[in-house]
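The sequence shown begins at 2 in my numbering and counts up by one.
C-beta: ideal position from N, C-alpha, C; glycine also.
Since we're looking at a predicted model, the values are computed, not measured.
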Amino acid sequence: MEKLKGAAMSELEEFKKVVSPIAYGLAYKSKLGTTEYQQLYTEEDVAEYFNNKPSLTIPKDIANTLDIAIKGLTEFEDYLWAVDEVDVLVPYDRAEYFRKWSNEEMNAHALAVSYVTGKALGVDLVKVVADD
2 MEKLKGAAMS
12 ELEEFKKVVS
22 PIAYGLAYKS
32 KLGTTEYQQL
42 YTEEDVAEYF
52 NNKPSLTIPK
62 DIANTLDIAI
72 KGLTEFEDYL
82 WAVDEVDVLV
92 PYDRAEYFRK
102 WSNEEMNAHA
112 LAVSYVTGKA
122 LGVDLVKVVA
132 DD
């Protein structure tokens, strides 16, 4: 069986706590009135799903730059404004790094907006990863 990694392991463990093993398959009543069980997914299938599900990621330095830009803001609209005004809200070297990343990353604006939206809502919509 494939070993689960990091967060995927805890997600699977949480999944198992609230969903019985029947979630891996299909339960149905037979003609005799007994409950029959047909397994549809192996535990390996479930582990593979948790290990390989797509996620949004952003480099740690970019996340730190956005954190500086939104520091002290309380209104959601201000968070969105901060993404567009990073150049004036952070030190020059960070603004240059952010601008370079924005030009190289295909969905940079959407990722930045998703990151600050998650911050505003108090959830992790975008995973922060080590810088390249």
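Between residue i and residue j, how many whole angstroms is the CB-CB distance? I'm expecting something under 8 Å.
| i | j | result |
| --- | --- | --- |
| Lys61 | Val124 | So it is not a contact: roughly 18 Å between Cβ atoms. |
| Ile63 | Lys120 | Actually they do not touch by this definition, with Cβ atoms about 13 Å apart. |
| Ala48 | Val84 | No, Ala48 and Val84 are not in contact; Cβ-Cβ is about 36 Å, not under 8 Å. |
Measuring CA to CA, which of the options is closest to residue i?
| i | options | result |
| --- | --- | --- |
| Tyr80 | Glu44, Thr118, Tyr50 and Val47 | Thr118 |
| Pro1 | Leu126, Glu45 and Asp68 | What is shown of the chain runs 2 to 133, which leaves residue 1 out entirely. |
| Val127 | Trp82, Asn52, Ser56 and Glu76 | Ser56 |
Taking its Cβ as the centre, do 16 or more other Cβ atoms sit within 10 Å of residue i, making it buried, or is it exposed?
| i | result |
| --- | --- |
| Tyr116 | buried |
| Ala111 | exposed |
| Pro22 | Residue confidence is low: Pro22 scores 49 on pLDDT, short of 50, so the model does not pin down where it sits. Its coordinate-derived value is still stated next. Pro22 is exposed by the Cβ-count criterion. |
| Ala131 | exposed |
| Leu90 | buried |
| Phe1 | An answer regarding residue 1 cannot be provided, because it is not within the stretch 2 to 133 covered by the chain. |
Beta carbon of residue i, beta carbon of residue j: below 8 Å?
| i | j | result |
| --- | --- | --- |
| Thr66 | Val87 | yes |
| Ser103 | Ala109 | yes |
Legend entry - Minimum length 4: unbroken alpha helix (DSSP H) runs contained in the stretch 37-111: The alpha helix (DSSP H) runs lying completely inside the stretch 37-111 and spanning 4 residues or more are 44-53, 61-71, 77-85, 87-90 and 93-105, given in chain order.
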